[in-house]
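Only one structure is covered here, and it is reproduced in the block below.
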Amino acid sequence: MTSKRLIPLAVEEIGYALVRVFAGFFIFRYGRELFNIDDLLKFLTDIRIPFPVFTGYAAKIIELAGGILLMLGLAVRWVTPLLMVVMWGVIYTTAKGDIFEGEVAFLYFLLFAAFFFKGGGKWSLDHWIRSRKTAKLQ
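In structure tokens:
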């Protein structure tokens, strides 16, 4: 029995890549706050987060580098758990742990979980590197 696909596999992969690239771009934009971090550090200090300077810089560096890596599709399964931790921190600090109050951060959390489980997809540097290694071994 042959199965017909509603959406061709190539279109599905392109769509997945577009979602990954746009999510990476938006997270990268949040990470750019690294260059103007004073307000974040004051906020973290005011709500008494332990090690506010380390926490603030770590979160912004992860967002900046993670956004770039997501856009490229490089090290996707390594960076997404870090981004998930940052999003959980955003939910905890800005929405007091309520996923419905911090719904945007929770949606990013879910997107990063999906990227973690699927990887970069066919339109990613991860796939390109893996296919080059496989070709050299044959």
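Numbering-wise (the working numbering), the sequence shown opens with residue 1269 and increments by one. The beta carbon of each residue, even a glycine, is placed where N, CA and C say it ideally should be.
Distance, Trp1356 Cα to Asp1307 Cα: 20 angstroms
Alpha helix (DSSP H) segments (min. 4 residues) lying fully within the stretch 1307 to 1332: none
Sequence-distant residues of its chain with Cβ nearer than 6 angstroms to Ala1363 (five each side left out): Glu1369, Gly1370
Neighbourhood of Met1339 by C-beta, 8 angstroms cutoff - its chain only, sequence neighbours within 5 removed: Arg1288, Val1289, Gly1292, Phe1293, Phe1296
Cβ pair count under 8 angstroms reaching 3, the stretch 1335 to 1354 against the stretch 1368 to 1387: yes
Beta-carbon contacts of Thr1313 that lie in its chain and below 8 angstroms, excluding the five residues immediately before and after: Pro1320
Residue from Leu1393, Phe1377, Ile1359 with nearest C-alpha to Ile1336: Leu1393
As assigned by DSSP and simplified to three states, the class of Trp1391: coil
Assigned exposure category for Val1279 - 16 Cβ within 10 Å defines buried: exposed
The ligand COA heavy atom lying under 7 angstroms from the CB of Pro1276: In the structure on display, the ligand COA does not appear, and there are no ligands present to speak of.
Cα-Cα separation between Val1358 and Lys1390, rounded to whole angstroms: 30 angstroms
As assigned by DSSP and simplified to three states, the class of Phe1368: coil
Spatial neighbours of Lys1272 in its chain, beta-carbon cut-off 6 angstroms, leaving aside the 5 residues before and after: none
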